[in-house]
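*Asks:*
2 protein chains.
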Amino acid sequence: MNYSRQRESIKEYLMSTREHPTAEVIYQHVREEYPKISLGTVYRNLTLLVDLGEVKKISTGDGTEHYDGDTSAHSHYYCRCCHRIFDVEVTPSIDQILAASSVGLGTVEQAALLFTGVCKDCINNDNNV
Amino acid sequence: MNYSRQRESIKEYLMSTREHPTAEVIYQHVREEYPKISLGTVYRNLTLLVDLGEVKKISTGDGTEHYDGDTSAHSHYYCRCCHRIFDVEVTPSIDQILAASSVGLGTVEQAALLFTGVCKDCINNDNNV
DNA sequence: ATAAAAATAATAATAATTACTATTTTTATA
DNA sequence: TATAAAAATAGTAATTATTATTATTTTTAT
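Residue numbers (this note's numbering), protein chains in the order written: chain A, 1 to 129; chain B, 1001 to 1129.
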């Protein structure tokens, strides 16, 4: 695999933000540095980075995937109104759950814990229901 | 909301199977009883049933959503090779995790715990990697 | 400097899902 | 039971996220 500045830029952005952007948001951001980058390049590199374990993909069921540059074991809270994802630390931690769980069905490569609800901002803005 | 036999059939199928079918698979199944049902009807009713809390949607990130007629608190194991989903009971249980976790970011309506790996069948069939 | 290998931009294609609309089904009421 | 309003459907078109294709450009080893 060769170096690519576009890939570096994608990775850098994901490492620097605490948000959990979609491919489209990443595209818009990286475009500021590389205006000619194409959305396909973003998708291809995201898949690559996920396969390498340098980035995590978060599936919320809202129709588009989100990406996370923080690969440490942590869980997520998803607001079904504003579609934002927040980091949460739970007790026991996700890796404690993983360690304690003998799934017994095959290999376990990862565990994802996702809470869903309506965030405080959306409640305050009457953006809920 | 009015009664509909198509919706009943979808729900019945989801309650009867231990699999976690996609909309397409549900469509093919319900078609045996109602050959004229359209895929749009399946999607519309699945969304409805999920909103009513009678069915759960499972997002694995494999490009299509899966549905589960078992709404009791339980977790899932997803095989990234054969794309099947299996029920798993973990310790502590998903509702114990939910109870113990003070997310503090807003309301928490649900918690989903998903393990991902390669299932035994796929390992045996060298369907892994 | 150069050539092979890999990556890209631009675009086309695919696949899952949603929207639209004329027709049919359901349901409340006479 | 007949009927009419409301809701749901089938069939189809449209949308959206994602993947595939290909000619060109970038990277890297020599």
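Every residue gets a Cβ at the ideal spot worked out from N, C-alpha and C, and that includes glycine.
Starting from the beta carbon of Tyr1077 (chain B), find every residue of chain A whose beta carbon is closer than 7 Å, and list them in chain order.
*Replies:* Val103 and Leu105
*Asks:* Name, going along the chain, the residues of the region 1027-1043 of chain B whose beta-carbon falls closer than 8 Å to a beta-carbon of chain A.
*Replies:* none
*Asks:* State the beta-bridge partners of Lys57 (chain A) as determined by DSSP.
*Replies:* A:Tyr67
*Asks:* Can you give the Cα-Cα distance for Ile1085 (chain B) and Ile1037 (chain B), rounded to whole angstroms?
*Replies:* 26 Å
*Asks:* With 16 other CB atoms within 10 Å as the buried threshold, where does Gly1069 (chain B) fall?
*Replies:* buried
*Asks:* Do Ala111 (chain A) and Leu98 (chain A) count as a contact pair if the criterion is CB distance below 8 Å?
*Replies:* yes
*Asks:* Could you tell me how far apart the beta carbons of Val1118 (chain B) and Cys1081 (chain B) are, in whole angstroms, since I believe they sit closer than 8 Å?
*Replies:* 5 Å
*Asks:* Taking Gly1061 (chain B) and Lys57 (chain A) to be in contact with their CB atoms under 8 Å, please state how far apart those CB atoms are, rounded to whole angstroms.
*Replies:* That pair is a contact at about 5 Å.
*Asks:* Are Ser1009 (chain B) and Glu1033 (chain B) closer than 8 Å when you measure CB to CB?
*Replies:* yes
*Asks:* In chain B, what lies closer than 7 Å to Ser59 (chain A) by C-beta?
*Replies:* Ser1059, Thr1060 and Gly1061
*Asks:* In whole angstroms, what separates the C-alpha of Val30 (chain A) from that of Thr41 (chain A)?
*Replies:* Rounded to the nearest angstrom, the two C-alpha atoms are 11 Å apart.
*Asks:* When the Cα of Lys1011 (chain B) is compared with those of B:Asn1125, B:Asp1095 and B:Val1050, which residue comes out closest?
*Replies:* B:Val1050
*Asks:* Could you tell me which chain B residues have their CB closer than 9 Å to the CB of Leu114 (chain A), listed as they occur along the chain?
*Replies:* Ser1059, Gln1110, Ala1111, Ala1112, Leu1113 and Leu1114
*Asks:* Asp87 (chain A) to His76 (chain A), Cα distance in whole Å?
*Replies:* 5 Å
*Asks:* From what residue to what residue does the alpha helix (DSSP H) around His74 (chain A) run?
*Replies:* Here His74 (chain A) belongs to no alpha helix (DSSP H), and DSSP marks it neither H nor E.
*Asks:* Would Gly53 (chain A) count as contacting chain B if we go by Cβ distances under 8 Å?
*Replies:* It does not; no Cβ of chain B falls within 8 Å.
*Asks:* What do you reckon, are the CB atoms on Thr64 (chain A) and Thr22 (chain A) nearer than 8 Å?
*Replies:* Yes. Within cutoff.
*Asks:* In whole angstroms, give me the CA-to-CA distance for Arg5 (chain A) and Ile94 (chain A).
*Replies:* 33 Å
*Asks:* Could you work out which residues of chain A lie near Asn1065 (chain B), taking near to mean beta carbons separated by less than 8 Å?
*Replies:* At residue 1065 (chain B) the sequence reads Glu, which differs from the Asn that was named. Result: Gly61.
*Asks:* Could you name the residues of the same chain whose beta carbon sits closer than 7 Å to that of Val943 (chain B), not counting the 5 residues immediately before and after it, in chain order?
*Replies:* No statement about residue 943 (chain B) is possible, as the shown extent of chain B runs from 1001 to 1129 and does not include it.
*Asks:* What are the boundary residues of the beta strand (DSSP E) that Ile10 (chain A) is part of?
*Replies:* That residue, Ile10 (chain A), is in no beta strand (DSSP E); its alpha helix (DSSP H) goes Arg5 to Ser16.
*Asks:* Flag this pair as yes or no: are the beta carbons of Tyr944 (chain B) and Ile1026 (chain B) separated by less than 8 Å?
*Replies:* With chain B covering only 1001 through 1129, there is no way to say anything about residue 944 (chain B).
*Asks:* Distance check for Arg18 (chain A) and Arg44 (chain A), CA to CA, integer angstroms please.
*Replies:* 22 Å
*Asks:* So, with DSSP's three-state summary, where would you put Asp51 (chain A)?
*Replies:* helix
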